[in-house]
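Residue numbers (UniProt numbering): 1 to 421.
Idealized CB from N, CA, C, for every residue including glycine.
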């Protein structure tokens, strides 16, 4: 599959100069979805990705019902579901040796009442393939953003190192969709507020064996600080640790770490022997923050670049997609007509800031019990309080399914705007 577009423009010395209507830094779920939608609405779009491919492990791989609904409205659902994936109509946790449903998607008002567990690189390759069919869309891999172009306080484009050389891309709008360590938001001087996070996650791979627990559609939910995602041939497992404690975990030695994992994993104890070195343990530093303002004149941030999320609930990918849909709904026409102004960017933030605040608040509440445990002299065990509550009142599993599957504010496509042109 071809995922790299060619940048062509006029030369000014050793710098290539290109003009487009919108340039997006970052080809994660939010960036690619926004690029696809704008291109289908007739906007000229360039998406830049600093890596040569999408093959990076331990990234969010949950495609939520709300996102599947967007794909369906675009007429692409049948093709997406041909991509290898696992469907989870429910999410589970193990409490006292019993498998308990903590999120049930069966009553959602959408066609796909399940989460699709799909490696993110496959999902991104799918979006890129569909977008590349459009003549006004270009995805450029190995393109590293180095700075912004500013004129009288307005952002008018960006500079990048691309396979074609140093490139200046002028555009009505620059979108930062380049993740929680966004260079775009840093270069734009946008300030954020951090809300902290009491935990980190250590990601590992363990083999998938026939005798493994038969979780619904192969997914095991949180079990005393341990999460499992079925990747077919292996389990992607996350072991939750206290914030900043990875060095201490390593000091205790690999055998102690294997034993700790075995104590909370539902897999057979000998499975942890597959962890043979610390090179196989990957740290995800959890951070929750949000930009105080998501935009400047000529620039907008979405997804993790605007609001870093905890992996709890898998909300990050869905929020980024919803940001992209809201941005496309509001910005497509003014971009196409050349009438984009600050009011449009303000509307995007206003539309998306409430659901972002709500989800982050929920994540912080879900993590508060873990913080209390750390500060307590009494060592407690067992699942978080919210999981116990859902186990006690099963109807809450449907409410949790609604929250996880659809989010706080579901964005709907203006379908007439995004028909293939």
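Among the options, which one has its Cα closest to the Cα of residue i?
| i | options | result |
| --- | --- | --- |
| residue 165 | 158, 143, 401, 259 | 143 |
| residue 194 | 290, 153, 279 | 290 |
| residue 117 | 399, 146, 90 | 90 |
| residue 43 | 398, 396, 338, 27 | 338 |
| residue 336 | 232, 162, 417 | 417 |
| residue 109 | 409, 99, 352, 66 | 66 |
| residue 192 | 282, 199, 182 | 182 |
| residue 122 | 174, 63, 301 | 63 |
| residue 153 | 253, 119, 189 | 189 |
| residue 178 | 74, 315, 26, 294 | 26 |
| residue 295 | 176, 72, 124, 104 | 176 |
| residue 227 | 298, 366, 93, 134 | 93 |
| residue 349 | 366, 341, 340, 326 | 326 |
| residue 450 | 299, 243, 269 | Residue 450 lies beyond the range of the chain shown here (1 to 421); nothing can be said about it. |
| residue 309 | 351, 328, 366, 275 | 366 |
| residue 99 | 392, 55, 415 | 392 |
| residue 137 | 180, 114, 21, 244 | 21 |
By Cβ distance below 6 Å, which residues in the same chain neighbour residue i in space, the five residues on each side in sequence not counted?
| i | result |
| --- | --- |
| residue 234 | 205, 207, 208 |
| residue 360 | 288 |
| residue 240 | 199, 201, 225 |
| residue 345 | 295, 300 |
| residue 112 | 65, 68 |
Grab me the residues of residue i's own chain with a C-beta within less than 8 Å of its C-beta, minus the 5 sequence neighbours each way, in chain order.
| i | result |
| --- | --- |
| residue 15 | 165, 166, 167, 168 |
| residue 272 | 206, 258, 259, 261, 262, 265 |
| residue 51 | 141, 142 |
| residue 284 | 58, 200, 201, 202, 203, 238, 311 |
| residue 161 | 143, 144, 146, 167 |
| residue 407 | 64, 66, 315, 318, 319, 322, 355, 359 |
Look up residue i in the DSSP assignment and say whether it is helix, strand or coil.
| i | result |
| --- | --- |
| residue 360 | helix |
| residue 182 | coil |
| residue 90 | strand |
| residue 415 | helix |
| residue 66 | helix |
| residue 25 | strand |
| residue 228 | strand |
| residue 304 | helix |
| residue 44 | coil |
| residue 201 | strand |
| residue 325 | helix |
| residue 347 | helix |
| residue 15 | strand |
| residue 340 | coil |
| residue 190 | coil |
| residue 36 | helix |
| residue 55 | coil |
| residue 206 | strand |
| residue 3 | For residue 3, the predicted structure reports a pLDDT of 42, less than 50, and the residue's modelled location is therefore unreliable. The matter cannot be settled from this model. |
Roughly how far, in whole angstroms, is the beta-carbon of residue i from the beta-carbon of residue j, given that I think they are within contact range, below 8 Å?
| i | j | result |
| --- | --- | --- |
| residue 41 | residue 332 | 4 Å |
| residue 317 | residue 60 | 4 Å |
| residue 101 | residue 230 | The Cβ separation is near 17 Å, so there is no contact. |
| residue 158 | residue 148 | 5 Å |
For residue i, I'd like the list of residues in its chain whose CB is within less than 7 Å of its CB, leaving aside the five on either flank, ordered along the chain.
| i | result |
| --- | --- |
| residue 324 | 30, 33, 34, 37, 302 |
| residue 376 | Caution is warranted here: a pLDDT of 47 is assigned to residue 376, below 50, making its placement in the model unreliable, and no coordinate value can be reported. |
| residue 103 | 90, 91, 397, 400, 401, 404 |
| residue 71 | 77, 80 |
| residue 274 | 206, 207 |
Considering only residues of the region 94–178, which uninterrupted beta strand (DSSP E) runs meet the minimum length of 3 residues and lie entirely inside it, listed in chain order? 98–104, 115–117, 137–140, 144–151, 154–162, 165–176
Which full runs of the beta strand (DSSP E) of 3+ residues lie inside the region 237–299, going along the chain? 282–285, 289–291
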